[in-house]
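Written out below as C-alpha cells is the structure these notes cover.
2 protein chains.
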Amino acid sequence: MAEREKPEERVTMEGAVCPVPLPHSERIVLGHGSGGKLMHDLIARSFLPPLDNPVLRAGNDAGVVLPTPDTQLAISTDSHVVWPLFFPGGDIGRLAICGTVNDLAAMGATPRYLTAGFILEEGLELEVLERVVASMQAAAEEAGVEVVAGDTKVVQRGKADGLYINTAGVGTQTPGMAINGAQAQPGDAVILTGTIGDHGIAVLSARGELGIQAQIESDVAPLNHMVAAMLEASEQIHVLRDPTRGGLASTLNEIAKQSQVGIVVQEDAIPVAAAVQSACELLGFDPLYVANEGKMVVIVAPQDANKVLEALRADRYGEGAVLIGEVVEEPKGRVLMKTVIGSHRVLDVLSGELLPRIC
Amino acid sequence: MAEREKPEERVTMEGAVCPVPLPHSERIVLGHGSGGKLMHDLIARSFLPPLDNPVLRAGNDAGVVLPTPDTQLAISTDSHVVWPLFFPGGDIGRLAICGTVNDLAAMGATPRYLTAGFILEEGLELEVLERVVASMQAAAEEAGVEVVAGDTKVVQRGKADGLYINTAGVGTQTPGMAINGAQAQPGDAVILTGTIGDHGIAVLSARGELGIQAQIESDVAPLNHMVAAMLEASEQIHVLRDPTRGGLASTLNEIAKQSQVGIVVQEDAIPVAAAVQSACELLGFDPLYVANEGKMVVIVAPQDANKVLEALRADRYGEGAVLIGEVVEEPKGRVLMKTVIGSHRVLDVLSGELLPRIC
Chain A
0 MAEREKPEER VTMEGAVCPV PLPHSERIVL GHGSGGKLMH DLIARSFLPP LDNPVLRAGN
60 DAGVVLPTPD TQLAISTDSH VVWPLFFPGG DIGRLAICGT VNDLAAMGAT PRYLTAGFIL
120 EEGLELEVLE RVVASMQAAA EEAGVEVVAG DTKVVQRGKA DGLYINTAGV GTQTPGMAIN
180 GAQAQPGDAV ILTGTIGDHG IAVLSARGEL GIQAQIESDV APLNHMVAAM LEASEQIHVL
240 RDPTRGGLAS TLNEIAKQSQ VGIVVQEDAI PVAAAVQSAC ELLGFDPLYV ANEGKMVVIV
300 APQDANKVLE ALRADRYGEG AVLIGEVVEE PKGRVLMKTV IGSHRVLDVL SGELLPRIC
Chain B
0 MAEREKPEER VTMEGAVCPV PLPHSERIVL GHGSGGKLMH DLIARSFLPP LDNPVLRAGN
60 DAGVVLPTPD TQLAISTDSH VVWPLFFPGG DIGRLAICGT VNDLAAMGAT PRYLTAGFIL
120 EEGLELEVLE RVVASMQAAA EEAGVEVVAG DTKVVQRGKA DGLYINTAGV GTQTPGMAIN
180 GAQAQPGDAV ILTGTIGDHG IAVLSARGEL GIQAQIESDV APLNHMVAAM LEASEQIHVL
240 RDPTRGGLAS TLNEIAKQSQ VGIVVQEDAI PVAAAVQSAC ELLGFDPLYV ANEGKMVVIV
300 APQDANKVLE ALRADRYGEG AVLIGEVVEE PKGRVLMKTV IGSHRVLDVL SGELLPRIC
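Quick mapping for you: the protein sequence lines, in order, are chains A and B. Per numbering that gives the first Met the number 0: the first sequence = residues 0 to 358. Per numbering that gives the first Met the number 0: the second sequence = residues 0 to 358.
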C-alpha cells in the first residue's frame, strides 16, 4: 500500500490540497491543550455549541447522569499524552488510571469501572507497553477500580509518540449528591492537600530540561480513598477539584467562575517544595500554574474546615493538607492572592501553553 | 523549551538510549492493530494478564457490570485513528460515535451516555475540527445518545495525524440480559444485516489507492435502533457482533472460539456490492476480511430467524439482511465456508494487517 503523502505536501487534513493556507489563528496550537484560557475558548467555540447538553455544559470533572431513579453515575474521560512515558514517581500508565479516578472522586463519586483505549506507535517495544500496563494495574488495584473494556489501535511510525492512553471511568454516587465547581459559597474555607508543582517539574526533569539533577518526584496518586475519608468526616464539602493542567491558579479560576464568587488565597500558605521552587525560578515558571496529579482543592463550609484537615492529614496523600484561603462575595469570578508583602495580586487563568504534554 | 530528541537518536521510549536494539518480534507492528490474530495475541500476552478480571476476560464488545442490584451497565471504549478524516459516506466523527454505539448495541444494551477524548495535532485547522464535532453531534442525535464528558489534548506537529478520537460509552440493559459472543448454540441461524466490505473500500478510495473512481460509500451508521427492533421481535437472540476490523471472517472466528462451536457459512449467500467486489479483485483483498461499520452479525435460535429477518429488513440499515449460515457442533472454534463449487474452505482469522487505520 502506498505511503500517505508527507505532511508538507498536503494542506488540509482531508487528503485534498488547499491552495490558500488558513490563518494561524484558525489552527490548533499547543496552548489549546494547556488547561488554560485557549483551551476553554476552544471548548466554548468548537465543542460546546454542537454537543451541548446540560451535563456537558456544567463543565465539571465528570458528567453526572441518572440511568435509573436510584442510581446516579459520574462519567469521565481523559487522554494521556505525557512525554516521556516514564518519569520520577510515575509513568503514563499510573497517570492514566489516577487521572480518571481523581476526576470521579472530585465529583464525590466512588470510582468503579474504567476503560482503557491505547493508541500505539508502530515500533514501540512490547516491553515498554507491558511495563505501562503493569503500572496501570497496580494503580487500579490501589484505587480499587477495574478496567472492564479496552481497545488497541496502531498507527504508523511517526504518527504517535510511543503510546497514548485514553481512560474513561464510571463512578457511582448517592442520588442527589452535588459536589461540583458551582457550589462554592462566600465564607467557605479553601484547603489544598499538599505541595504544588511536583508533577510538572518531575516530568520536565525526566526530559533533561532542568539542566540540574533535582530529586523531584511526581505526586501522581489515586485520591479516591482520601476523598472518601473526607466525605465521611464532613457533609459540608461544596467543591472538590484536582489542580492538573493549568495548575492551582487555573483550577481556582474555574471554580470562581462556575460558582460566581471570589477566591482569596494567602501566598505564604501555599506549600511548594524547595526543589520545585528552585527549578521554577531557574526556568521562569510560576508553580501556581504547574500541573499536579495527586492534589485536591477542597472548598468546605468554614465550621467543618478543621474536621476536613484532620481527615486529610490521616491519609498518606493528604499529610501536607493546609488551609490556603477563603471564598468571598467579590470580585465575582476572580482569584486574588494576598502576597507576603501584603499586597493583592490577581491570579489569572493561564493563557497559552506553559508545559506541553505534561499529562 | 528544548525540542525533544529526534526519534533516530533514541532507542527506548523512556528518553534513555538503549545500546542493543530489541528484536523486531518484540516491537509493535501495524498488524497489532488489525483486529486479527496478532492483535488477539497482543491482548492475550500484554493486556489480559496484568489487567485480568472476569468482565474483561469475557472478551466482548462491552464490559457488563452491575453497579446496584437492579441496574446493569454495559461499558465500552474505542479509539479512532482513521485516515483520511473524511471519506465517502462518513468521517472520523460519525465513526467515533457509531463505533461505540454499535459495541453497546451488540451487547443488547441501550446506549445512553458517551465520552469523547480528542488528541489534536498542532496545526490542525479549527474548521476541520468543527466539521468533525458537528458530524459527531448529528450521529449522536440519530443514535439518541448524549456526550456527557470530554477531554482535549494537543501534541506537537508530527506526533499525531490531524486528530484521533476516543469515545467510551455507557449503556443500560435489563438485569440478567446475556447476549454475547459465548452464547452461540449448534442449530442457531447466522444472519448478516447487509453487504460487506463497504467501509474499508470507501476509506481506501478516499486515499486514492483504488486507481479508479469507484462510487463506494462507507456503511458507517448507528445500529442501536435496528437492534432494539430486533430484540423486540425475538427473545432468542444469542449473539450480536459488528464485523469491524478484521471483517466478517474474523468476527465469526471470535464467536466460534468464545462459544466453542463451529460456524458454516454459504459463500453465495454473503452479499458483496459489485463495486466492492471489483475493487477487492483489483487489490487482491478478500471482502470477508474488509472492515464494516454499519453491519451486524446476528446469531439466533432457528425458529426465530424469520422474525428477526423481518424486523431487520424494516430498518433502513437492515434492508439487505440475509441468512448466511448456521452454527454446528464441530469443528469447535472453526469457521467453514461452503463455496459456490460445493467444497469447504476454512475461514481463518486474519493474521497481520490488511488495511491500517481503517477505523
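Ideal Cβ positions, reconstructed from N, Cα and C, are used throughout, including at glycine. Just so we're clear, the structure is a prediction, and the values are computed from it rather than from any experiment.
If contacts are defined as beta-carbon pairs under 8 angstroms, then residue i and residue j qualify, I think. What distance do you get, rounded to the angstrom?
| i | j | result |
| --- | --- | --- |
| Val264/A | Val189/A | 6 angstroms |
| Val299/B | Asp187/B | 6 angstroms |
| Thr171/B | Pro68/A | Actually they do not touch by this definition, with Cβ atoms about 12 angstroms apart. |
| Val297/A | Met229/A | 7 angstroms |
| Gly149/B | Ala115/B | 5 angstroms |
| Met135/B | Gly92/B | 4 angstroms |
| Gly88/B | Gly157/A | About 28 angstroms; that fails the 8 angstroms criterion. |
| Val127/A | Leu84/A | 7 angstroms |
| Thr243/A | Gly34/A | 7 angstroms |
| Val100/B | Ala137/B | That belief does not hold up - the Cβ atoms of Val100/B and Ala137/B are roughly 13 angstroms apart, past 8 angstroms. |
Below 7 angstroms on C-beta distance, what does residue i contact in chain B?
| i | result |
| --- | --- |
| Tyr163/A | Ile118 |
| Arg26/A | Gly122, Leu123, Glu124 and Leu125 |
| Glu145/A | Asn52 and Val54 |
Taking 8 angstroms as the threshold (beta carbon to beta carbon), is residue i in contact with chain B?
| i | result |
| --- | --- |
| Glu126/A | yes |
| Thr76/A | yes |
| Leu349/A | no |
| Pro87/A | no |
| Gln155/A | yes |
| Ala167/A | yes |
| Phe46/A | yes |
| Lys256/A | no |
| Asp241/A | no |
| Leu346/A | no |
| Pro301/A | no |
| Ala159/A | yes |
| Glu141/A | no |
| Ala104/A | no |
With a Cβ-Cβ cutoff of 8 angstroms, do residue i and residue j count as a contact?
| i | j | result |
| --- | --- | --- |
| Val144/B | Arg111/B | yes |
| Val260/B | Glu328/B | yes |
| Cys279/A | Gly207/A | no |
| Gly98/A | Thr166/A | yes |
| Asp241/B | Asn305/B | no |
| Val271/B | Ile74/A | no |
| Ile357/A | Gly199/A | yes |
| Lys152/A | Ser350/B | no |
| Pro355/B | Gln155/A | yes |
| Leu281/B | Leu353/B | no |
| Asp90/B | Asp60/B | no |
| Val307/A | Ser233/A | yes |
| Leu29/A | Glu129/B | no |
Quick one: does residue i have its CB under 8 angstroms from some CB of chain A?
| i | result |
| --- | --- |
| Ile200/B | no |
| Arg356/B | yes |
| Ala95/B | no |
| Ile298/B | no |
| Ile215/B | no |
| Ala115/B | yes |
| Ala320/B | no |
| Leu72/B | yes |
| Pro66/B | yes |
| Leu21/B | At Leu21/B the pLDDT is 48, less than 50, meaning the model places this residue with poor confidence; the figure from the coordinates comes in the next sentence. Yes, because at least one Cβ of chain A sits closer than 8 angstroms to the Cβ of Leu21/B. |
| Gln136/B | yes |
| Arg111/B | yes |
| Glu280/B | no |
Against residue i, what residues of chain A qualify as contacts under a CB-to-CB distance less than 8 angstroms, listed in chain order?
| i | result |
| --- | --- |
| Glu328/B | Near Glu328/B there are no residues of chain A at all, since even the closest Cβ is about 31 angstroms away, more than 8 angstroms. |
| Met38/B | Thr151 |
By the criterion of Cβ-Cβ separation under 8 angstroms, what are the contact partners of residue i in chain B?
| i | result |
| --- | --- |
| Gly149/A | Ile42, Phe46, Leu50, Leu55 and Thr76 |
| His31/A | Leu119, Thr151 and Val153 |
| Ala61/A | Ala148 |
What does residue i touch in chain B if you count any residue whose Cβ is under 9 angstroms from its own?
| i | result |
| --- | --- |
| Val80/A | Ile118, Lys152, Val153, Val154, Lys158 and Ala159 |
If the cut is a Cβ gap below 9 angstroms, which residues of chain A does residue i touch?
| i | result |
| --- | --- |
| Glu266/B | Result: empty, since nearest Cβ-Cβ is about 26 angstroms, beyond 9 angstroms. |
| Thr338/B | Result: empty, since nearest Cβ-Cβ is about 28 angstroms, beyond 9 angstroms. |
Could one say the Cβ of residue i lies closer than 8 angstroms to chain C's Cβ atoms, at least one of them?
| i | result |
| --- | --- |
| Asp69/B | Of the protein chains in the structure, A and B, none is chain C. |
Run through chain A and tell me which residues come within less than 7 angstroms of residue i, C-beta to C-beta.
| i | result |
| --- | --- |
| Ala133/B | Pro49 |
| Glu129/B | Ser45 |
**Asked** Between the segment 247 to 260 of chain A and the segment 174 to 181 of chain A, do at least 3 Cβ pairs fall closer than 8 angstroms?
**Response** yes
**Message:** Three or more C-beta pairs under 8 angstroms: does that hold for the segment 310 to 320 of chain A against the segment 108 to 122 of chain A?
**Reply:** no
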